[in-house]
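Read the structure below first, then the notes.
As structure tokens, this is what we get:
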């Protein structure tokens with residue numbers, strides 16, 4: 114298998130294919146990129162390390178960043194293996210792809226950070242090997258769908274020509290994935306405690322929640338109910354009372370009463386978008402309340418009350434019809450010439466009061482017109498956080514990952530305030546469309562987080578591309594709110610582990626989580642290269658549980674067995690038949706069935 118990339122995802126994917134699935138891998142990287150490219154380089158990276166060292170010294174002393182052997186340790190505690198072969202090339206030309214062995218490879222992953230580079234290389238690779246399985250990393254969803262159809266059609270035509278026009282089939286396939294789309298649900302779910310982790314499949318909706326186990330949790334508690342993972346005793350890196358356990362058996366679940374666990378709570382058929390999460394109904398019309406300020410609205414309401422009061426008074430004084438009284442009051446109000454020279458004194462006083470009210474109304478109407486005009490002019494600009502906002506999520510960074518996380522949070526109807534330093538960031542258009550408040554400024558500067566109402570927020574989600582910025586923002590936010598729930602996107606697993614342990618020690622009452630986008634996205638890319646349909650992934654502390662669709666036909670571990678017998682503790686578990694919400698444990702899996710399984714990375718490799 115061939116992996117081409119220019120950042121950490123390529124290296125992690127190559128290590129995943131080799132270490133978990135036992136595949137022979139060739140890694141193609143730019144020159145001098147034999148190690149994963151950090152998101153911040155040079156002085157910024159050194160500043161990040163220096164900043165963290167100061168934090169460690171101030172909090173709990175020195176925290177090691179290596180395992181007991183002195184080697185760097187990954188998220189699962191296993192030293193990261195180097196890929197078998199590394200080929201350095203500045204560009205993915207046809208000669209470079211041929212030298213990497215694309216013509217003989219089973220699969221090719223193009224995970225460069227640039228969409229155009231991946232598309233150009235995919236077109237070349239498809240010409241070199243029509244039967245090659247392609248996996249592309251593209252941020253543009255709509256373009257990705259068109260490219261997927263185009264490359265699959267090209268593979269079918271080329272295979273037909275190779276078969277002499279007989280139209281023979283080919284196993285070639287094209288899968289377009291986005292690391293942002295893969296990681297965003299897990300990041301959003303981590304930031305919002307109690308929010309269900311949702312994986313939507315073909316005709317099925319799987320919802321997993323984190324809660325303590327009770328004595329009633331066990332087999333037969335309901336359709337689709339099962340324990341997916343037992344969590345550690347408070348330390349996501351395995352330093353707590355218990356080690357995390359993925360896909361435990363029934364006996365382990367019974368003995369773990371009272372322990373925190375990730376439980377598959379719901380399996381249903383999605384009726385619509387509302388089944389997964391409440392969505393926002395966006396329209397192109399501005400709400401009336403947004404056109405005028407609250408003070409102006411109250412002023413208008415007061416004047417309307419005055420007009421009604423004057424009309425009622427005129428009716429009582431003169432005895433004329435109420436409708437005529439209202440009409441005459443409006444004439445007086447707008448200074449239409451009809452002086453009450455020979456009318457009673459009460460009528461003359463009311464006319465004077467009406468004229469005075471009309472004088473007050475003119476500047477008010479002018480102010481309303483100017484304010485409405487200004488509102489329409491600034492409708493396309495960014496909103497500021499409301500003064501009374503509370504219980505929201507502060508999102509730092511509106512890049513690729515931040516934009517997807519923002520969309521996910523708004524789909525869950527979670528109030529969000531964004532902080533972005535770049536006025537040209539790609540996510541600002543999305544924030545403007547969703548009418549999400551944005552604070553423009555450097556989050557490391559004093560007053561920026563205060564502008565985002567961090568003292569009343571429920572969580573801080575730092576997903577900028579700079580480890581320094583994320584760490585500094587979290588440390589500053591913790592000085593404002595020691596109990597604030599924080600989630601950091603940190604590039605390096607070892608660094609993330611050390612940061613977590615230090616923050617956990619310094620702030621034991623606050624929830625702290627560190628996440629790596631490449632750690633969350635790599636299993637889905639690896640599954641696609643192996644021809645597996647990975648439907649989604651759920652982060653379990655610093656490990657990943659995968660949901661995949663597998664054909665039962667001819668599979669010795671599945672065909673002819675019941676759903677209960679097909680369960681392999683610690684490796685995989687059959688959750689349901691695809692398209693069916695109720696799958697009894699005694700159902701015998703037969704030819705033609707397609708099942709959804711929850712599996713560890715190594716368990717999914719064994720299912721091959």
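Numbering (this note's numbering), first residue to last: 114 to 721. We put the CB at the ideal spot given by N, CA and C, even for glycine.
- In this structure residue 576 touches residue 510 by the C-beta definition: roughly 5 Å separates them, less than 8 Å.
- For residue 519, there is no enclosing beta strand (DSSP E); the residue is part of the alpha helix (DSSP H) that begins and ends at 513-524.
- Between the stretch 531-539 and the stretch 467-480 there are fewer than three inter-stretch CB-CB distances shorter than 8 Å, so the stretches are not counted as touching.
- When C-alpha distances from residue 324 are compared across 289, 286, 378 and 477, the shortest belongs to 378.
- When the beta-carbon positions are compared, residue 338 and residue 373 stay at least 7 Å from each other.
- Per the coordinates, the alpha-carbon of residue 119 lies some 27 Å from the alpha-carbon of residue 543.
- Ranked by how close their Cα comes to the Cα of residue 602, the residues 262, 297 and 134 have 297 in first place.
- Distances from the alpha-carbon of residue 707 to those of 117, 663 and 717 put 663 closest.
- Ranked by Cα distance from residue 700, the options 640, 673, 686 and 717 are led by 673.
- DSSP places residue 534 in no alpha helix (DSSP H); its state is neither H nor E.
- Excluding the 5 residues flanking it on each side, residue 630 has same chain C-beta neighbours closer than 7 Å at 292, 296, 514 and 602, in chain order.
- Taking all protein chains shown into account, residue 411 has fewer than 16 neighbouring C-beta atoms within 10 Å of its C-beta and is therefore exposed.
- In this structure, the beta-carbon distance from residue 650 to residue 669 does not fall below 7 Å.
- Selection 592, 584 and 593 evaluated against residue 608 yields 584 as nearest (Cα-Cα).
- For the 7 Å CB-CB criterion, residue 659 and residue 702 do not form a contact.
- Spanning the alpha carbons of residue 257 and residue 556 requires a straight line of approximately 33 Å.
- When only Cα atoms are considered, residue 131 and residue 686 end up about 24 Å apart.
- Between the beta-carbon of residue 114 and that of residue 216 there is about 13 Å, and that puts the pair past the 8 Å contact cut.
- Across the structure, residue 599 and residue 370 are spaced so that their CA atoms are roughly 28 Å apart.
- Non-local C-beta neighbours of residue 477 in its own chain, meaning closer than 7 Å and more than five positions away in sequence, comprise 412, 413 and 416, ordered along the chain.
- Contact between the stretch 520-535 and the stretch 588-598 is absent: fewer than 3 CB-CB pairs across the two stretches fall below 8 Å.
- In the DSSP assignment, residue 290 forms a beta bridge with 250.
- In terms of Cα proximity to residue 359, the closest of 303, 652, 558 and 304 is 652.
- CA-CA distance, residue 262 to residue 613, rounds to 43 Å.
- Residue state for residue 218 is assigned as coil, using DSSP reduced to three classes.
- Approximately 55 Å separates the beta-carbon atoms of residue 506 and residue 427; this is outside 8 Å, ruling out the contact.
- The Cβ-Cβ distance between residue 211 and residue 223 does not fall below 7 Å.
- 7 Å or more divides the Cβ of residue 676 from the Cβ of residue 661.
- Counting only residues of its own chain and dropping the five nearest sequence neighbours on each side, residue 267 has a CB closer than 6 Å to the CB of 239.
- Taking C-beta atoms as the reference points, residue 710 and residue 691 fail to come closer than 7 Å.
- The shortest C-alpha to C-alpha distance from residue 571 to any of 590, 554 and 198 is the one to 590.
- Within a 10 Å sphere around the beta-carbon of residue 468 sit fewer than 16 other beta-carbons, which makes this residue exposed.
- Rounded to whole angstroms, the separation of the alpha carbons of residue 569 and residue 618 is 23 Å.
- For residue 198, the CB contacts under 6 Å within the same chain, skipping 5 residues up- and downstream, are 139 in chain order.
- Around the Cβ of residue 302, a 10 Å sphere holds 16 or more other Cβ atoms; the residue is buried.
- Just so you know, the alpha carbons of residue 621 and residue 615 end up roughly 10 Å apart.
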